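Everything in the sequence shown is counted per this note's numbering, starting at 7 for the first residue and increasing by one.
Where is the CB? At the ideal position from N, CA and C, for every residue including glycine.
Since the structure is predicted, the reported quantities are computational estimates derived from the model, not experimental observations.
Here's the structure we're looking at; comments come further down.
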Amino acid sequence: MSEHEFTIRRLNHTDLPRVIAIERRAFPSPWSLGMFVLELSKPSGVCLTAMRDGEMLGYVICARYDEAYHVMNIAVDPDHRRRGVARALLDAVLDAAGHQTPYTLEVRVSNAGAIALYESFGFRSVGTRRRYYADNGEDALIMWRADGEPWEA
Ligand SMILES: CC(C)(COP(=O)(O)OP(=O)(O)OC[C@H]1O[C@@H](n2cnc3c(N)ncnc32)[C@H](O)[C@@H]1OP(=O)(O)O)[C@@H](O)C(=O)NCCC(=O)NCCS
């Protein structure tokens, strides 16, 4: 699948049942519906989905905080991975929120695939949060992408 075979658009509330279905397949401790509703309610957030022929392939949730945009959640349906969907979603986040603005995220230290994805976008590890994930006590890697110009609020 090339990126031309799917489209990226803003996520809306009517998409949430399909988001939840992917979320439950993607994470050991999936977000609740309420968490997605909260993020969609933030006007400064960037919440996008990749769609093909009416089918949701994946989504990304990015929230704006004082210091940086925070990539809160990104997931691709297991049947559609390694075809550039996450890369296209992150490209679209950068297009929407700015290529030069700072971004941060947390990722499980064991999640080598996601870490490779983020590193390919210029995210770098700056430390860990000990036992950040309640389900298994795993540490989170803290990553920042801040190679561009200083943040201008
Ligand atoms: C991480 C995730 C979003 C990647 O989605 P994807 O659409 O498969 O990623 P892409 O196809 O866009 O991959 C882009 C690049 O990221 C890296 N990458 C992605 N998945 C990888 C994997 N499993 N192993 C190694 N590298 C990987 C590769 O460099 C890849 O480029 P390549 O395919 O040309 O080698 C997806 O695996 C997923 O939903 N995982 C479960 C949820 C999750 O862990 N989210 C991140 C939470 S922090």
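Range of the contiguous beta strand (DSSP E) that encloses E112: Y109 to R114
Three-state secondary structure assigned by DSSP to L147: strand
Burial state of E29 (16 or more Cβ within 10 Å): Here E29 is buried, its C-beta having at least 16 other C-beta atoms within 10 Å.
Entirely enclosed alpha helix (DSSP H) segments - the region 42-113, minimum 4 residues: 91-103
Reduced DSSP category for S131 - H, G, I as helix; E, B as strand; rest coil: strand
Sheet register partners of R15 (DSSP bridge): T55
Nearest candidate by alpha-carbon position, reference A69, set D59, S50, L63 and L54: S50
Limits of the alpha helix (DSSP H) - the one that R137 falls within: Element bounds for R137: n/a, residue is neither H nor E.
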